[in-house]
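First comes the structure, then the notes that go with it.
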Amino acid sequence: MDRRTYLKSGAGAATGLLLAGCVGGTGGSGGETETITIGSDIPYRPFEYETESGELTGFDVEIAQAVFEEEMGLDYEFQKTSFDGIIQSLNNGNFRVIMSAMTITDDRDEQVDFSDPYFTAYQTIVVLNDSDIDERSDLKGTSVGVQKGTTGAGAAEGLKEEFDGDLTLKKFDQINGAFNALINNQVVAVINDNTVNAEFVANNDNVRFVEGEGEAAAQGKNAPPYLTLTVEEYGIAFREDDDDFREEVNDALAAIRDSGAYEEIYANYFSG
Amino acid sequence: MAGSYSGAATAEGDPEADGDVGPAVSDRTVRRIGVGISVAFAAAVLAMLAFILVINPRSRVDPDLLVTIVPRFFEAWLLVLGIFLAGSVSSVFFGIFVGLGRVSNSSITNSIASVYVEFFRGTPLLFQLIVIFFGIPALWPPGAFPIENFAVPAAIIGLTLNHAAYVGEAIRGGIGSVPDGQMEAARSLGMSYVQSMREVVLPQAWRNALAAIGNDQVILVKDTSLLTVIAVPELISEFRDVNSATFDPWTPIVLVAVAYLGITLPLGKAVRYLEARSDWGGDDR
Numbered sequence: 001m002d003r004r005t006y007l008k009s010g011a012g013a014a015t016g017l018l019l020a021g022c023v024g025g026t027g028g029s030g031g032e033t034e035t036i037t038i039g040s041d042i043p044y045r046p047f048e049y050e051t052e053s054g055e056l057t058g059f060d061v062e063i064a065q066a067v068f069e070e071e072m073g074l075d076y077e078f079q080k081t082s083f084d085g086i087i088q089s090l091n092n093g094n095f096r097v098i099m100s101a102m103t104i105t106d107d108r109d110e111q112v113d114f115s116d117p118y119f120t121a122y123q124t125i126v127v128l129n130d131s132d133i134d135e136r137s138d139l140k141g142t143s144v145g146v147q148k149g150t151t152g153a154g155a156a157e158g159l160k161e162e163f164d165g166d167l168t169l170k171k172f173d174q175i176n177g178a179f180n181a182l183i184n185n186q187v188v189a190v191i192n193d194n195t196v197n198a199e200f201v202a203n204n205d206n207v208r209f210v211e212g213e214g215e216a217a218a219q220g221k222n223a224p225p226y227l228t229l230t231v232e233e234y235g236i237a238f239r240e241d242d243d244d245f246r247e248e249v250n251d252a253l254a255a256i257r258d259s260g261a262y263e264e265i266y267a268n269y270f271s272g
Numbered sequence: 273m274a275g276s277y278s279g280a281a282t283a284e285g286d287p288e289a290d291g292d293v294g295p296a297v298s299d300r301t302v303r304r305i306g307v308g309i310s311v312a313f314a315a316a317v318l319a320m321l322a323f324i325l326v327i328n329p330r331s332r333v334d335p336d337l338l339v340t341i342v343p344r345f346f347e348a349w350l351l352v353l354g355i356f357l358a359g360s361v362s363s364v365f366f367g368i369f370v371g372l373g374r375v376s377n378s379s380i381t382n383s384i385a386s387v388y389v390e391f392f393r394g395t396p397l398l399f400q401l402i403v404i405f406f407g408i409p410a411l412w413p414p415g416a417f418p419i420e421n422f423a424v425p426a427a428i429i430g431l432t433l434n435h436a437a438y439v440g441e442a443i444r445g446g447i448g449s450v451p452d453g454q455m456e457a458a459r460s461l462g463m464s465y466v467q468s469m470r471e472v473v474l475p476q477a478w479r480n481a482l483a484a485i486g487n488d489q490v491i492l493v494k495d496t497s498l499l500t501v502i503a504v505p506e507l508i509s510e511f512r513d514v515n516s517a518t519f520d521p522w523t524p525i526v527l528v529a530v531a532y533l534g535i536t537l538p539l540g541k542a543v544r545y546l547e548a549r550s551d552w553g554g555d556d557r
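Chain order of the listed sequences is A and B. So for the first sequence, this note's numbering puts the first residue at 1; every next one is plus one. So for the second sequence, this note's numbering puts the first residue at 273; every next one is plus one.
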């Protein structure tokens, strides 16, 4: 009997603590400014990554600071998540918006709503310095590394169709896995966003872009020197029932472009 | 066997031998409550499945998509099956030696086997896979690592190293449960240590260890899901791929469930067959 009483009182105490925790949680956030939770696949250098000391930084992070904190007067916090399930995670209510260098695509637009574009990106190919891959057709019959669920993976699927299936895709959880696989001779190329690839090329003496004209030149854009497979635009993703907030964020994005804050952040990360 | 116990107890309805008062609830009541709870549980599960798969329009399984993605899931299933078979055979093979090392009289063999088991049991399989797939090739200069398509070999190596430790412990337990007299009797008949081990102790130890080894092999099948991290196109990778492209979780979920059970259920049956065969007087089963 003694043991049972002990168990009962123990359970009671635990329940009490849990309840207290819940009450404390709601009480705490009541009076302060609203905190916007941002879902993001971290690390994705240079858009969102942690410095050696563990401080979160990157282009998206500074844009979030400019938009949410400085323009709209809201608190914001980033929440790590995996990219391949990020849209469902947003729709399941795990965070308010997505800022994760996310390309606006028609498929994604059916599930969520996007802000106005805040960045233009290209899908590009990175290979080892001594690789004999010099144009897109050289990739036929090889294996390429991509990140799961990204437009890079989509571009690679497109290439695979173009080569009648004669291309092996190795899909990693995070882009670093694909970069590692390139260095470790597991893939001959990585297909990914130009800026992220550029950061990798800049930090690593053993890799280079595949050069040439591509989609960007075809569309008459101010084309970078390397081969571009697609032209894409990044947007902030919102749940479809969040239109008012999306409008406010669009205004704030326009405001930071007008004020020059956007240019300043852009120059910090993409000097070229 | 089990039926006759409960039948006898129910019929008598007497209090336990040491109690001076009757039990608070009779055996029959407990039995009825048990049946009630399990039926209610099964009904709830079935209702939930019906809701998910048929009634709720947001999570309905899409037959068109299902047909489209079956071939790639079948390919992934074959790959998982292959990795499991290779990992299973080699982990049991090496595990036997790990187990023998753990019961070795030589303190060197014994302590090396112990360190092996402690390391591979004490660190997560995911960590070991990362070490093998990302760590080892990084010891070569960029682009110079000789093995292309290292992911599947790395997977088999990782699963083998990890599960050999668990199988080794099962074998050690099996050997420990064979009475010392068996070894002593074999030795006194003039058999060497190796002969006694091979002819007398191990066959009995194997029977004792079989349940634990079978259990471990089922876990090995499920551990292949971790290989998604090293870009092996196995079932979870396929799920994530389809899900991120179509935003439809339930259609691939159904296939993943069927695919894993398609390995683990026959495996469970095989283990039970082996157990029955090696049981005392098991020849007639």
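Note that CB positions come from ideal geometry on N, CA and C, so glycine has one too. Since the model is a prediction, treat every value here as computed from it, not as a measurement.
Own chain, CB closer than 8 Å to residue i, minus 5 neighbours either side, in chain order
{"i": "A457 of chain B", "result": "V472"}
{"i": "Q79 of chain A", "result": "T37, I38, G39, S40, N94, F95"}
{"i": "P225 of chain A", "result": "F209, E211"}
Which of helix, strand or coil DSSP assigns to residue i
{"i": "T35 of chain A", "result": "strand"}
{"i": "K80 of chain A", "result": "strand"}
{"i": "A296 of chain B", "result": "coil"}
{"i": "S29 of chain A", "result": "The predicted model places S29 of chain A with a pLDDT of 41, which falls under 50 and marks its position as unreliable; any figure quoted below should be read in that light. Helix, per DSSP."}
{"i": "D551 of chain B", "result": "coil"}
{"i": "T142 of chain A", "result": "coil"}
{"i": "G24 of chain A", "result": "Its pLDDT being 41, under 50, G24 of chain A is placed unreliably by the model, and nothing is read from it."}
{"i": "F417 of chain B", "result": "coil"}
{"i": "S40 of chain A", "result": "strand"}
{"i": "Y266 of chain A", "result": "helix"}
{"i": "K170 of chain A", "result": "strand"}
{"i": "Y388 of chain B", "result": "helix"}
{"i": "F238 of chain A", "result": "strand"}
{"i": "I98 of chain A", "result": "strand"}
{"i": "N203 of chain A", "result": "helix"}
Chain A contact for residue i (CB, 8 Å cutoff)
{"i": "G415 of chain B", "result": "yes"}
{"i": "P409 of chain B", "result": "yes"}
{"i": "N515 of chain B", "result": "yes"}
{"i": "E420 of chain B", "result": "yes"}
{"i": "R549 of chain B", "result": "no"}
{"i": "F313 of chain B", "result": "no"}
{"i": "F519 of chain B", "result": "yes"}
{"i": "V501 of chain B", "result": "yes"}
{"i": "R330 of chain B", "result": "no"}
{"i": "F323 of chain B", "result": "no"}
{"i": "A423 of chain B", "result": "yes"}
{"i": "S298 of chain B", "result": "no"}
{"i": "F399 of chain B", "result": "no"}
Same chain, Cβ closer than 7 Å to residue i, neighbours up to 5 away in sequence not counted
{"i": "G152 of chain A", "result": "Q123, V146, I191, N192, D193"}
{"i": "L90 of chain A", "result": "G39, I98, V112, A237, R239"}
Residue-level contact to chain B via CB, residue i, 8 Å cutoff
{"i": "A101 of chain A", "result": "no"}
{"i": "S29 of chain A", "result": "In this predicted model, S29 of chain A has a pLDDT of only 41, less than 50, meaning its place in the structure is not dependable enough to derive any value."}
{"i": "G177 of chain A", "result": "yes"}
{"i": "V23 of chain A", "result": "With a pLDDT of 44 at V23 of chain A, under the threshold of 50, the modelled position of this residue cannot be trusted; read the value that follows with caution. Chain B, which has no Cβ nearer than 8 Å to the Cβ of V23 of chain A, makes this no."}
{"i": "I183 of chain A", "result": "yes"}
{"i": "F68 of chain A", "result": "no"}
{"i": "N206 of chain A", "result": "yes"}
From the options, residue whose alpha carbon lies closest to that of residue i
{"i": "L186 of chain A", "options": "A:T120, A:N203, A:T168, A:A121", "result": "The question names Leu, but residue 186 of chain A is Gln in the sequence shown. Measuring from the Cα of Q186 of chain A, the nearest candidate turns out to be A:T168."}
{"i": "V439 of chain B", "options": "B:P409, B:S550, B:L482, B:F422", "result": "B:L482"}
{"i": "N268 of chain A", "options": "A:S53, A:G58, A:P43", "result": "A:G58"}
{"i": "V375 of chain B", "options": "B:R304, B:G448, B:V501, B:R300", "result": "B:G448"}
{"i": "L398 of chain B", "options": "B:P329, B:T500, B:N377, B:A316", "result": "B:T500"}
{"i": "N129 of chain A", "options": "A:S137, A:Q88, A:D173, A:V201", "result": "A:V201"}
{"i": "T120 of chain A", "options": "A:G154, A:N203, A:F47", "result": "A:F47"}
{"i": "L537 of chain B", "options": "B:P418, B:L353, B:S378", "result": "B:L353"}
{"i": "F179 of chain A", "options": "A:E34, A:T35, A:T33, A:R45", "result": "A:R45"}
{"i": "I265 of chain A", "options": "A:E62, A:E233, A:G212", "result": "A:E62"}
Neighbourhood of residue i by C-beta distance below 6 Å, restricted to the same chain and skipping five residues each side
{"i": "D84 of chain A", "result": "K148, G149"}
{"i": "A255 of chain A", "result": "E71"}
Presumed contact (8 Å Cβ cut-off) between residue i and residue j, rounded CB distance
{"i": "A503 of chain B", "j": "G177 of chain A", "result": "7 Å"}
{"i": "I535 of chain B", "j": "F345 of chain B", "result": "Not confirmed; about 13 Å, so no contact."}
{"i": "H435 of chain B", "j": "S363 of chain B", "result": "4 Å"}
{"i": "G214 of chain A", "j": "L229 of chain A", "result": "6 Å"}
{"i": "G359 of chain B", "j": "I428 of chain B", "result": "5 Å"}
Heavy atom of the ligand PLP within 7 Å of residue i beta-carbon
{"i": "V311 of chain B", "result": "Looking for the ligand PLP in the displayed structure turns up nothing, as the structure carries no ligands at all."}
Practice task
Check distances from the C-beta atoms of the region 235-268 of chain A to those of chain C and list, in chain order, the residues that come in under 9 Å.
Solution key: Chain labels in this structure do not include chain C; the protein chains are A and B.
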